[in-house]
Amino acid sequence: MARIDLVDLGHSYGGDHAPIESFALKPVTMTWRQGGAYALLGPSGCGKTTLLNLISGIITPSRGKILFDGADVTLRSTRERNIAQVFQFPVIYDTMTVGQNLAFPLKNRGVPRAEIDKRVADIARLLDLTPDLNRKATRLTADAKQKISLGRGLVRSDVAAILFDEPLTVIDPELKWQLRSKLKALHRELDLTMIYVTHDQTEALTFADTVVVMHDGRVVQSGTPAELFEKPAHTFVGYFIGSPGMNIVPAVVDGREARIDGHVIGLHRNYGVLPAGAKIEIGVRPEFVDVAPPASGLLSATIERIDDLGRIRFARVRVGDAKFAARVPPGFSVPDNAAGLVFDPAHVHVYADSLLVEGVG
Amino acid sequence: MDKTINQKAWFLVLPVFLVVAFSAILPLMTVVNYSMQDTFGNNQFFWNGVGWFKELLDPSTDLGSRFFASLWRNLFFSGVILAIEVPLGIIVALSMPREGWTVAACLVILALPLLIPWNVVGTIWQIFGRPDIGLLGYTLNHLGLNYNYVSNDIDAWVTVIVMDVWHWTSLVALLCYAGLKSIPDAYYQAAQIDGASRWAVFTAIQLPKMNRVLLIAVLLRFMDSFMIYTEPFVVTGGGPGNSTTFISIELVKIALGQFDLGKAAALSLVYNLIILIVCWVFYTVMTNAGVDRSRKEGVAS
């Protein structure tokens, strides 16, 4: 159990002298608090697995330091760091039974027999593996094999942190929900630091109390699911999280007004000074834009189609060249495809070169 | 669905039938034919039934005693070289680099002995071991070891075994290396996380993942060593005395030296049968080792 600090931590597979743009993980400084449930979210190839492997010690960083509870562990081996990690594809030891697989990490550390048996029995019960304990692990389904991998990660009670590298990819959806809630329950019970890598936002938002979003080797935002939803720090977070993603359109911003296509939208805050020469965009989540019958005060749009998501309907509309998604209020109907858009000014954000600009109250 | 009846299709398989018949079945049947007859030359043959087989399997006769003596030599030889080459091959494969230009260099060096023709290997070692001009023989004798493979049984055996190990360990090593390379990195990473020792990684991951290639390596090496002829023939000629006379050497002596076609044919058939049976038993046991257990489990659960 430990607090994990990353200090200017970066990694390049081409060595430290490679240009910073080619780093798999651009230098980052951040803290993972003890007992937190974190999700590391981002598309494939954004550096999540690299960051995870740096923390577990499978790869040695080309720059920066890793501290566990203040102690520098950068050059220590995985074993010394006392980390548990579960991989994307099941890793099982072919010649062993399920029970022996679960006992393996404890046996290697010289834990007394009685203690091993107790832990293995506990974990097996938790993962519904008890009936299979004496079977050869090779003959189980992929689901069960991954449960064994999970079990091996969970079986040690004294680990500094448990890292999950997209562990539920091979598991079918029904079981995915069950296992995820089990992990969550386990997290509450054991007070362990857990870091869960995924590219699935539902998985990240349901598992974690802090979501760390990565994009192109950079940590772009770290916050609670609500923060990520309401105030994305980067346009990438805006459209990666949420379904459909945030609407991001180029605009001219001046003080409390934003101008799209010649139409003025009121803003909640004052954006007096914007970086010169930056690309200015405004971002607003579809949940905070409503379609309405066309009217003179509204930004006029053309409806292309309406997606019915069950609880809510979203219209895909076009404003000039820009595409928008907007909420369709209950009972809304228009004779043709023309509509107007109603914005909620409190949720319209301004971005300069993709980064959020804080307005003045 | 209606089947089209067209007997002309048989002509399509005819070439295969002919090739197999002339290359395998007819020569084999000729051997079977010889094994049932006796000849005194002049192309005259006399029916002998299973007489040669009876004689062959009866150790009190001359033919039988020669057969059994060479059979034990062969089995001992195969046992020894497997016991050396398999562990040695695994060790070599484990200590090979995993990436970089050294991989290619190692592979080339390992493959070299495999590319040398059998009789050249024999000649190399025949000269290498000679006490008068051979580097090995000369050195050993000057170090005070009385080494002479022409006159001493044990020296002859050691030479033949070391030669085979030199020639064929590479094959086992290359097969094992291929097996090792196919293990995904995640296994090693997981083992690292689980705190496994080097030995535990070997027994829990590497050895189980290599078992298919090891099966092939053992089969190949068994068959090859059981049929060995050229190398010991070139080095020792089966001597001193009969101490390195393997079945194949005995067979050639009977067939071409004494021109006893009947005896030689009977011996060939038994020889062939032994190899087939051993390989079949070995393969079945190795591949079913896992399957059987799961079947039993299936019934039990």
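Which chain is which? The protein sequence lines are A and B, in order. Note that our numbering has the first sequence beginning at -12, numbered continuously upward. Note that our numbering has the second sequence beginning at 678, numbered continuously upward. Quick reminder that beta carbons are idealized off the backbone N, C-alpha and C, glycines included. These numbers come from a predicted model, not from an experiment.
Rounded to whole angstroms, how far is the Cβ of residue i from the Cβ of residue j, which I believe are closer than 8 angstroms?
i, j, result
"residue 26 of chain A", "residue 172 of chain A", "At roughly 16 angstroms, the Cβ-Cβ gap does not stay under 8 angstroms, so residue 26 of chain A and residue 172 of chain A are not in contact."
"residue 906 of chain B", "residue 925 of chain B", "4 angstroms"
"residue 189 of chain A", "residue 338 of chain A", "In fact, because the Cβ distance is near 25 angstroms, the residues do not count as touching under 8 angstroms."
"residue 225 of chain A", "residue 219 of chain A", "4 angstroms"
"residue 928 of chain B", "residue 944 of chain B", "5 angstroms"
"residue 134 of chain A", "residue 116 of chain A", "6 angstroms"
"residue -4 of chain A", "residue 57 of chain A", "No, residue -4 of chain A and residue 57 of chain A are not in contact; Cβ-Cβ is about 15 angstroms, not under 8 angstroms."
"residue 148 of chain A", "residue 181 of chain A", "7 angstroms"
"residue 840 of chain B", "residue 802 of chain B", "4 angstroms"
"residue 826 of chain B", "residue 716 of chain B", "At roughly 37 angstroms, the Cβ-Cβ gap does not stay under 8 angstroms, so residue 826 of chain B and residue 716 of chain B are not in contact."
"residue 791 of chain B", "residue 853 of chain B", "Rounded, the Cβ-Cβ distance is 14 angstroms, inconsistent with contact."
"residue -7 of chain A", "residue 53 of chain A", "6 angstroms"
Helix or strand or just coil, what does DSSP make of residue i?
i, result
"residue 338 of chain A", "strand"
"residue 114 of chain A", "coil"
"residue 331 of chain A", "coil"
"residue 5 of chain A", "coil"
"residue 85 of chain A", "helix"
"residue 153 of chain A", "coil"
"residue 186 of chain A", "coil"
"residue 75 of chain A", "coil"
"residue 793 of chain B", "coil"
"residue 353 of chain A", "With chain A covering -12 to 348 only, the question about residue 353 of chain A has no answer from this structure."
"residue 14 of chain A", "strand"
"residue 924 of chain B", "helix"
"residue 279 of chain A", "strand"
"residue 224 of chain A", "helix"
"residue 146 of chain A", "coil"
"residue 974 of chain B", "Any reading at residue 974 of chain B needs caution, since the residue's pLDDT is 46, under 50, leaving its predicted position unreliable; the model's value is listed next. Here residue 974 of chain B sits in helix by DSSP."
Tell whether a beta-carbon distance below 7 angstroms holds between residue i and residue j.
i, j, result
"residue 21 of chain A", "residue -11 of chain A", "yes"
"residue 39 of chain A", "residue 150 of chain A", "yes"
"residue 923 of chain B", "residue 742 of chain B", "no"
"residue 714 of chain B", "residue 939 of chain B", "yes"
"residue 2 of chain A", "residue 204 of chain A", "no"
"residue 348 of chain A", "residue 258 of chain A", "no"
"residue 315 of chain A", "residue 302 of chain A", "yes"
"residue 331 of chain A", "residue 275 of chain A", "yes"
"residue 708 of chain B", "residue 761 of chain B", "no"
"residue 269 of chain A", "residue 335 of chain A", "yes"
"residue 95 of chain A", "residue 881 of chain B", "no"
"residue 942 of chain B", "residue 931 of chain B", "no"
"residue 130 of chain A", "residue 158 of chain A", "yes"
"residue 93 of chain A", "residue 200 of chain A", "no"
"residue 132 of chain A", "residue 77 of chain A", "yes"
"residue 37 of chain A", "residue 12 of chain A", "yes"
"residue 793 of chain B", "residue 902 of chain B", "no"
"residue 312 of chain A", "residue 273 of chain A", "yes"
"residue 184 of chain A", "residue 191 of chain A", "no"
"residue 73 of chain A", "residue 140 of chain A", "yes"
"residue 911 of chain B", "residue 799 of chain B", "yes"
"residue 293 of chain A", "residue 304 of chain A", "no"
"residue 824 of chain B", "residue 832 of chain B", "yes"
"residue 740 of chain B", "residue 734 of chain B", "no"
Give me the DSSP bridge partner(s) of residue i.
i, result
"residue 715 of chain B", "B:723"
"residue 268 of chain A", "A:237 and A:338"
"residue 944 of chain B", "Per DSSP, none; premise fails for residue 944 of chain B."
"residue -1 of chain A", "Residue -1 of chain A is not bridged to any residue."
"residue 258 of chain A", "A:242"
"residue 25 of chain A", "A:182 and A:197"
"residue 289 of chain A", "A:305 and A:325"
"residue 55 of chain A", "A:-9 and A:58"
"residue 312 of chain A", "A:303"
"residue 96 of chain A", "None, per the DSSP bridge assignment."
"residue 50 of chain A", "A:-3"
"residue 343 of chain A", "A:338"
Mind checking whether the beta-carbon of residue i lies closer than 6 angstroms to any heavy atom of the ligand GDP?
i, result
"residue 885 of chain B", "This structure simply doesn't include the ligand GDP, nor any ligand for that matter."
Original post:
Can you list, in chain order, the residues of the stretch 855 to 878 of chain B whose Cβ is nearer than 8 angstroms to any Cβ on chain C?
Top reply: In the structure shown, chain C does not exist; the protein chains are A and B.
**OP:** Could you tell me whether the stretch 138 to 157 of chain A touches the stretch 95 to 114 of chain A, using the rule of 3 or more Cβ pairs below 8 angstroms?
**Re:** They touch, by the three-pair rule.
**OP:** Please confirm if the stretch 61 to 69 of chain A is in contact with the stretch 839 to 854 of chain B, defined as three or more CB-CB distances below 8 angstroms between the two stretches.
**Re:** no
**OP:** Pair every Cβ in the stretch 805 to 823 of chain B with every Cβ in the stretch 852 to 869 of chain B, then say whether three or more of these pairs are closer than 8 angstroms.
**Re:** Fewer than three beta-carbon pairs drawn from the stretch 805 to 823 of chain B and the stretch 852 to 869 of chain B are found closer than 8 angstroms, and the two stretches are therefore not classed as touching.
Original post:
Can we say the stretch 949 to 967 of chain B touches the stretch 886 to 895 of chain B, given the rule of at least three CB pairs closer than 8 angstroms?
Top reply: yes
Original post:
Is there contact between the stretch 282 to 294 of chain A and the stretch 247 to 257 of chain A, where contact requires at least three CB pairs shorter than 8 angstroms?
Top reply: yes
Original post:
With contact counted as at least three CB pairs below 8 angstroms, one residue from each stretch, are the stretch 77 to 90 of chain A and the stretch 112 to 131 of chain A in contact?
Top reply: yes
Original post:
Counting pairs of beta carbons, one from the stretch 233 to 243 of chain A and one from the stretch 260 to 267 of chain A, are three or more of them closer than 8 angstroms?
Top reply: yes
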